[in-house]
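Chains as they are written, first to last, in this note's numbering: chain A, 7 to 198; chain B, 724 to 817.
Note sheet for the following structure.
Shown next as C-alpha cells:
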C-alpha cells in the first residue's frame, strides 16, 4: 500500500465530508415561523387574561387561525425546498423527527390534561418539551446557542409550574422567543 | 498484516461518492456530478457499481416535468465505509 494512496483516500474522505456539511438546512425558517406564531399566540393569551378590554384581547378567539396559516406556509416552503434542493442534509431529517416527536408528545399531554382537569401543567410541559427538543437538536448539529436556549426553555418550564395561567402564557411566549426565534435567526445567518 | 481495503471503495471517485452520501440524507445525480467534478457517463458507471454492491440505493422519479435520480447510502454501504476508514486508520498507525 503506497503512502500516497492512503493520503489521497484520506483527502478524498475529508473533502467530501466537508462538502456534504455545506448543504444548508432549511430548518431555521420553521424555527422562526413557528416561534413567532407561538410567541404571539401566548402573548395574546396573556393580554386577554390580564386585560380583557384591550383591543388585542378582543380578537383573542380568532388567533387560532394562525396555526392553519402556519401549516399552509410550512407546506408551501417545504414544496419549494424540494424543488430547489439537489441534496438533503441529515440535519433536516433530525429536525423532522425531533419536532414531530415534540408535537405528538405535546398533543397527547394536552388531551390527557384536558380530560383530567390538569390544565395548569400544559404550558410548563410545553416549555419543557420545546426546550428539550431544541437542546437535543442543538447538541446533534453542534449549535451551542440552541443547547443553551434549550436548557433555558426547560428551566422556564419548571419555573412556571406553580404560576397562574396568565403568567404561564407570558413566560411561554418568552420561551418561544428564546428557544425558537433566537436560534432560528442564528441558524439563518450561519447558512452557507 | 493489514486487512485488505474494499476494492469497491478503493477508487477515488467511488470513495468520494460514498463519503458525500455519508454526510447526507440523500443526493441527486446532478449534485454528485457537480461535487465530484466528473462526467455524467463516468458517474453513472460508478453509481451502477455501487448499487450492484448494495452500497447505494438509486431512485428514479420526477420533479415536475424533469426526471430526477436520487442516491442514498444503504446500511451495507455505511458499514463498508466504516470498515474502510478503520482499515485506513490501521495503515496510518503503522
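Quick reminder that beta carbons are idealized off the backbone N, C-alpha and C, glycines included.
Please classify residue 791 of chain B: does DSSP put it in a helix, a strand, or coil? Looking up residue 791 of chain B in the second chain gives position 68. Note: residue 791 of chain B maps to strand in three-state DSSP.
Those residues which DSSP pairs with residue 783 of chain B across a bridge: Taking the second chain and counting its residues from 1, the one referred to as residue 783 of chain B is at position 60. For residue 783 of chain B, which the question treats as bridged, DSSP gives the partners B:792.
Who are the near neighbours of residue 160 of chain A in its chain, counting only those whose CB is closer than 8 Å to its CB and skipping five residues on each side? Here residue 160 of chain A is taken as the residue at index 154 of the first chain, counted from 1. These residues qualify, in order along the chain: 133, 134, 137, 138, 141.
Within its chain, find whatever has a CB closer than 6 Å to the CB of residue 774 of chain B; leave out the 5 residues flanking it on each side and keep chain order. Position 51 of the second chain, counted from the first residue, corresponds to residue 774 of chain B. These residues qualify, in order along the chain: 781.
Own chain, CB closer than 8 Å to residue 742 of chain B, minus 5 neighbours either side, in chain order: Walking along the second chain from the start, residue 742 of chain B turns up at place 19. Cβ neighbours of residue 742 of chain B beyond the five flanking positions: 804.
Can you check whether the C-beta of residue 38 of chain A is within less than 8 Å of a C-beta belonging to chain B? Your numbering for residue 38 of chain A matches position 32 in the first chain. Not one chain B Cβ lies under 8 Å of residue 38 of chain A.
Rounded to the nearest angstrom, what separates residue 187 of chain A and residue 42 of chain A at their Cα positions? As a working mapping, residue 187 of chain A is identified with position 181 in the first chain. As a working mapping, residue 42 of chain A is identified with position 36 in the first chain. Cα atoms of residue 187 of chain A and residue 42 of chain A: separation of roughly 7 Å, rounded to the nearest angstrom.
Rounded C-alpha distance that separates residue 90 of chain A from residue 171 of chain A: On the first chain, position 84 is the one that residue 90 of chain A refers to. On the first chain, position 165 is the one that residue 171 of chain A refers to. The straight-line gap from Cα to Cα measures roughly 43 Å.
Interface partners of residue 94 of chain A on chain B, CB under 7 Å: Counted from its first residue, the first chain places residue 94 of chain A at position 88. Here the neighbours are 747, 748, 749.
Any Cβ of chain A within less than 8 Å of the Cβ of residue 772 of chain B? As a working mapping, residue 772 of chain B is identified with position 49 in the second chain. By the rule that beta-carbons nearer than 8 Å mark a contact, residue 772 of chain B does not touch chain A.
Given a cut-off of 8 Å, decide if residue 115 of chain A and residue 175 of chain A are closer than it, judged by their beta-carbon atoms. On the first chain, residue 175 of chain A is found 169 positions in, with the first residue counted as 1. On the first chain, residue 115 of chain A is found 109 positions in, with the first residue counted as 1. Taking 8 Å as the Cβ cut-off, residue 175 of chain A and residue 115 of chain A do not qualify as a contacting pair.
Identity of the residues DSSP links to residue 94 of chain A by a beta bridge: As a working mapping, residue 94 of chain A is identified with position 88 in the first chain. Under DSSP, residue 94 of chain A shares a beta bridge with B:749.
Against chain A, does residue 769 of chain B count as a neighbour if the rule is that its beta carbon must be under 8 Å from one of theirs? Position 46 of the second chain, counted from the first residue, corresponds to residue 769 of chain B. No - not a single Cβ of chain A is within 8 Å of the one on residue 769 of chain B.
For residue 57 of chain A and residue 151 of chain A, the rounded distance between their alpha carbons: On the first chain, residue 151 of chain A is found 145 positions in, with the first residue counted as 1. On the first chain, residue 57 of chain A is found 51 positions in, with the first residue counted as 1. Taking the straight line from one Cα to the other gives about 34 Å.
Assuming residue 193 of chain A and residue 34 of chain A form a contact by the criterion Cβ under 8 Å, report the distance between their Cβ atoms to the nearest whole angstrom. To locate residue 193 of chain A, count along the first chain from 1; it is residue 187. To locate residue 34 of chain A, count along the first chain from 1; it is residue 28. Indeed, because the Cβ distance is near 4 Å, the residues count as touching under 8 Å.
Report the residue from A:153, A:73, A:119, A:24 whose alpha carbon sits nearest the alpha carbon of residue 36 of chain A. The sequence position of residue 36 of chain A within the first chain is 30, counting from 1. For the residues A:153, A:73, A:119, A:24, the minimum Cα distance to residue 36 of chain A belongs to A:73.
Going by other Cβ atoms of all chains shown within 10 Å of its Cβ, with 16 needed for buried, is residue 77 of chain A buried or exposed? Counting from one through the first chain, the residue named residue 77 of chain A turns up at place 71. With fewer than 16 other Cβ atoms within 10 Å, it is exposed.
Going by other Cβ atoms of all chains shown within 10 Å of its Cβ, with 16 needed for buried, is residue 778 of chain B buried or exposed? If you number the second chain from 1, residue 778 of chain B lands on position 55. With 16 or more Cβ atoms within 10 Å of its Cβ, residue 778 of chain B is classed as buried.
Decide if the region 743–754 of chain B is in contact with the region 793–807 of chain B; the criterion is three or more beta carbon pairs, one per stretch, under 8 Å apart. Remark: three or more beta-carbon pairs, one from each stretch, lie closer than 8 Å, so the region 743–754 of chain B and the region 793–807 of chain B are flagged as touching.
With a threshold of 8 Å between beta carbons, is residue 149 of chain A in contact with chain B? For this step, residue 149 of chain A is matched to residue 143 along the first chain. Answer no: the Cβ-Cβ gap between residue 149 of chain A and chain B never drops below 8 Å.
Quick check: is the beta carbon of residue 83 of chain A nearer than 8 Å to any beta carbon in chain B? Taking the first chain and counting its residues from 1, the one referred to as residue 83 of chain A is at position 77. Closer than 8 Å: no.
When the Cα atoms are used, what is the spatial distance from residue 119 of chain A to residue 145 of chain A? Sequence index remark: in the first chain, residue 119 of chain A carries index 113 (1-based). Sequence index remark: in the first chain, residue 145 of chain A carries index 139 (1-based). Cα-Cα distance, rounded: 30 Å.
Proximity test, Cβ basis, 8 Å: residue 31 of chain A and chain B: Taking the first chain and counting its residues from 1, one reaches residue 31 of chain A at position 25. It does not: the Cβ of residue 31 of chain A has no partner Cβ on chain B nearer than 8 Å.
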